[in-house]
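Asker: If you're matching positions, the sequence shown starts at 1 in the working numbering and goes up one per residue. The C-beta atom is built at its ideal place from N, Cα and C for all residues, glycine as well. Take a look at this one; I'll ask things after.
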Amino acid sequence: MEKIKSKTENYLFSTTVSEDEFLIEFFPYQTDPAPNERPLKVTKSVDELLDFLEETEKNLSE
């Protein structure tokens, strides 16, 4: 019987959305995040967000 592989990644995120700005910062999920931690990824448009989510999904399915 073939084993099923499963992978999960969790992120914390911060959002800023206004008429002139769209910004989402992704941080690694930690129960006690460091106060000055740099984001893993910053998306500045809906297209960048969709690309990041598609890339993440692809990496998880490999």
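State yes or no: is the C-beta of serine 14 within less than 8 Å of the C-beta of glutamate 25?
Answerer: The residue given as residue 14 occupies position 14 in the sequence shown. The residue given as residue 25 occupies position 25 in the sequence shown. Yes. Within cutoff.
Asker: Could you compute how far the alpha carbon of leucine 40 sits from the alpha carbon of glutamate 48?
Answerer: Here residue 40 refers to the residue found at position 40 of the sequence shown. Here residue 48 refers to the residue found at position 48 of the sequence shown. Using only the alpha carbons, I get a separation of about 14 Å.
Asker: Please classify threonine 43 as buried or exposed, where buried requires at least 16 other C-beta atoms within 10 Å of its C-beta.
Answerer: Locating residue 43 in the sequence shown gives position 43, counting from the first residue. When all chains shown are included, threonine 43 counts as buried.
Asker: Under the assumption that threonine 16 contacts leucine 23 (Cβ atoms under 8 Å), give the Cβ distance between them as a whole number of angstroms.
Answerer: In the sequence shown, the residue the question calls residue 16 occupies position 16. In the sequence shown, the residue the question calls residue 23 occupies position 23. Sure, about 4 Å apart at Cβ, within 8 Å.
Asker: Return the CA-CA distance between glutamate 21 and glutamate 37, expressed in angstroms with no decimal places.
Answerer: The residue you call residue 21 lines up with position 21 of the sequence shown. The residue you call residue 37 lines up with position 37 of the sequence shown. C-alpha separation (whole angstroms): 22 Å.
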